[in-house]
Structure formats: structure tokens, C-alpha cells
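In this text, residue positions in the sequence shown follow our numbering: the first is 1, and each later residue adds one.
Beta carbons are placed, not taken as given, at the ideal position from N, Cα and C, and that holds for glycine.
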Amino acid sequence: MLIVTGVSLLVNALFKSIGAGVGNLVAEGDKQRIKSVFWELTSLRVWFASIVCFGVYKLSHSFITLWVGSNFILEQYAFIILIFITFIDLTRTNDTFLYAYGLFQDIWAPVVEAVLNLGLSILLGYFYGLTGILSGVLISFLLIVCSWKPFFLYKCGFKENIKEYVIRYLKYLLLIAISCLFVSIVCDNIFPVLPCTYRQWVMYAIGIIILYSVSSFILFICFDKASRLYAMRFKLLLIQKYKR
Numbered sequence: 001m002l003i004v005t006g007v008s009l010l011v012n013a014l015f016k017s018i019g020a021g022v023g024n025l026v027a028e029g030d031k032q033r034i035k036s037v038f039w040e041l042t043s044l045r046v047w048f049a050s051i052v053c054f055g056v057y058k059l060s061h062s063f064i065t066l067w068v069g070s071n072f073i074l075e076q077y078a079f080i081i082l083i084f085i086t087f088i089d090l091t092r093t094n095d096t097f098l099y100a101y102g103l104f105q106d107i108w109a110p111v112v113e114a115v116l117n118l119g120l121s122i123l124l125g126y127f128y129g130l131t132g133i134l135s136g137v138l139i140s141f142l143l144i145v146c147s148w149k150p151f152f153l154y155k156c157g158f159k160e161n162i163k164e165y166v167i168r169y170l171k172y173l174l175l176i177a178i179s180c181l182f183v184s185i186v187c188d189n190i191f192p193v194l195p196c197t198y199r200q201w202v203m204y205a206i207g208i209i210i211l212y213s214v215s216s217f218i219l220f221i222c223f224d225k226a227s228r229l230y231a232m233r234f235k236l237l238l239i240q241k242y243k244r
């Protein structure tokens, strides 16, 4: 859990710096450009978060087994819920744009999220232990972060129907699911036996991360315009840096 939390904080700090210029972008008032950047950041965060979460899912148990033994492996249901929580936390692009638009009318949202988080965690934790506690956090995230925040942004910020957001986000989830399934099948055939040494684990981890990153990136580039735009943006930045 400490590893997941650390990775989450690091990635959020990285994307916070990337999205620092969103306020100036919104101030310009070019709605088409604002939405283009919104989807570029969203697709980038979703892709990057999927790499982190897939890596944690495939590598955590084997690393913990090598490090302290299999007795310290987190319960599977709790582990999966923790990964979903991490994914949602790493893909909170809506908050950045809500702040940029100055949309602070939903001051009740953080309060409701905290109350749901605490209340459900206590209630479900009483019956289901750690799995219940994490389920309370996940439910509060699903209701506020995944449902209310994008609805509020589209209604009061973009002033459009949220249908576009739902469709595009479901497409991202489908692309991630295809990538996960493909890489899992390939890796189960390439690495039928889990690593028994740290050296083997490092090679195993590098292989899985590279394979997933490349395969998912290809899918995102092929089926998502926003992904192609940010890929082109990074390409131009690299070309300019190389020319200097």
C-alpha cells in the first residue's frame, strides 16, 4: 500500500506541473482549444495511470513474496479495490479545469466525499474488514470524482452534454482492458514461472512494463485523436530540443 501511495503522489505532482498553464488557457476563452487540451491531458493521464496500475497489479505480489514472504500479500479483493482507487486518483483531470474555470460552487462536494468516505469505510469495515474500508473509499470516489465532477465541469464549464465524456472515457477503459488482456496472455506464455530472484524480478518487471506501455500506446494512438495530438506535441518538443 505504501508503494501505491508513493507512486500516486509522484504521478499527481508530475501532472500538476503539466497542467499549471490551464488557467491561462481558460482565460483566453477559446473553447475548442480548451477542450482539445482537456482531452489531451485526460488521455495522457489515463494511459499513464493504466501503466502504473497494471504494473502494480502484475508485479506487487511477486515482489512482496521475494521481499518478506507470501504471508504478507494483501487480500486479493482489497488489492484490486486499491488499484481502482489509485487509477481514479491518478486520472483527476476534471479538478484542474474546475479550478481554472473558477467553479467553486460545489463546496459541498469535498464535504460529501469525506463524509461518504469516512462513514462507508467505518460501516463496511465493520463487516468486511480492510476490503470494506477500501470499498468505502472507492464508492465515495465513484460518486463524487467519477460522476459529479465531470458532470459539473461539462454543465457549468464547457456548457455541453456529458454524453461525450461518458463515451470517450468508456472507450479509454475498453482500450485499457484490451491491452491488459493481451499483455497478460503474452506474459503468461513468456514467463510461465514467477521470478525467484531480484534479478529475475527486475527483468520480468521491465518486460511487462515495456510490453504494456507499447501495446497500449499503439491502441491509444490508433483509436484516439487526443492521444495522437499529445504524441505529436511531444514529438515537436523533442525536435526543437534536439535542434538546440
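- Under the DSSP assignment, K31 falls in the alpha helix (DSSP H) whose first and last residues are 31-67.
- Per the Cβ contact rule, the stretch 169-177 is in contact with the stretch 35-53 (3 or more Cβ pairs under 8 Å).
- Under the DSSP assignment, G119 falls in the alpha helix (DSSP H) whose first and last residues are 108-128.
- CA-to-CA, the gap between G23 and D106 works out to about 19 Å.
- Shortest Cα-Cα distance from V166 to any of K31, W39, R33 involves W39.
- With a cutoff of 8 Å on beta-carbon distance, G55 and I218 are scored as not near each other.
- Secondary structure of N161 (DSSP, three-state): coil.
- In the DSSP assignment, N24 falls within the unbroken alpha helix (DSSP H) covering 22-28.
- Rounded to the nearest angstrom, the gap between the Cα atoms of T91 and I51 is 12 Å.
- Under the DSSP assignment, K155 falls outside any alpha helix (DSSP H); it carries neither an H nor an E label.
- In the three-state reduction of the DSSP assignment, G102 falls in the coil class.
- If you draw a straight line from the Cα of R228 to the Cα of S184, it comes to about 25 Å.
- Judged by DSSP in its simplified three-state form, V186 adopts helix.
- The beta carbons of L143 and I81 sit about 15 Å from each other, so the pair does not count as a contact at 8 Å.
- Judged by DSSP secondary structure, W201 falls within the alpha helix (DSSP H) whose first and last residues are 198-223.
- T96 and Y169 have their C-alpha atoms spaced approximately 17 Å apart.
- Restricting attention to N117, A27, K58, F63, the CA atom closest to the CA of Y99 is found in A27.
- For I85, the uninterrupted alpha helix (DSSP H) segment begins and ends at 76-90.
- The Cβ neighbour count for D30, taken over all protein chains shown within 10 Å, is under 16; the residue is labelled exposed.
- If you ignore the 5 residues before and after C156, its C-beta comes within less than 8 Å of the C-beta of Y101, L103, Q105, all in its own chain and listed in chain order.
- Straight-line measurement puts the Cα of S216 at about 11 Å from the Cα of F223.
- A residue is called buried when at least 16 other Cβ atoms come within 10 angstroms of its Cβ; P110 does not meet this threshold and is exposed.
- Within the same chain, and ignoring the five residues on either side of I162 in sequence, the residues whose Cβ sits closer than 8 Å to its Cβ are P150, F151, Y154, K155.
- Considering only Y204, L181, F158, Y128, the residue with the shortest C-alpha distance to I190 is Y204.
- Taking the C-beta atoms as reference points, S140 is found no nearer than 8 Å to L123.
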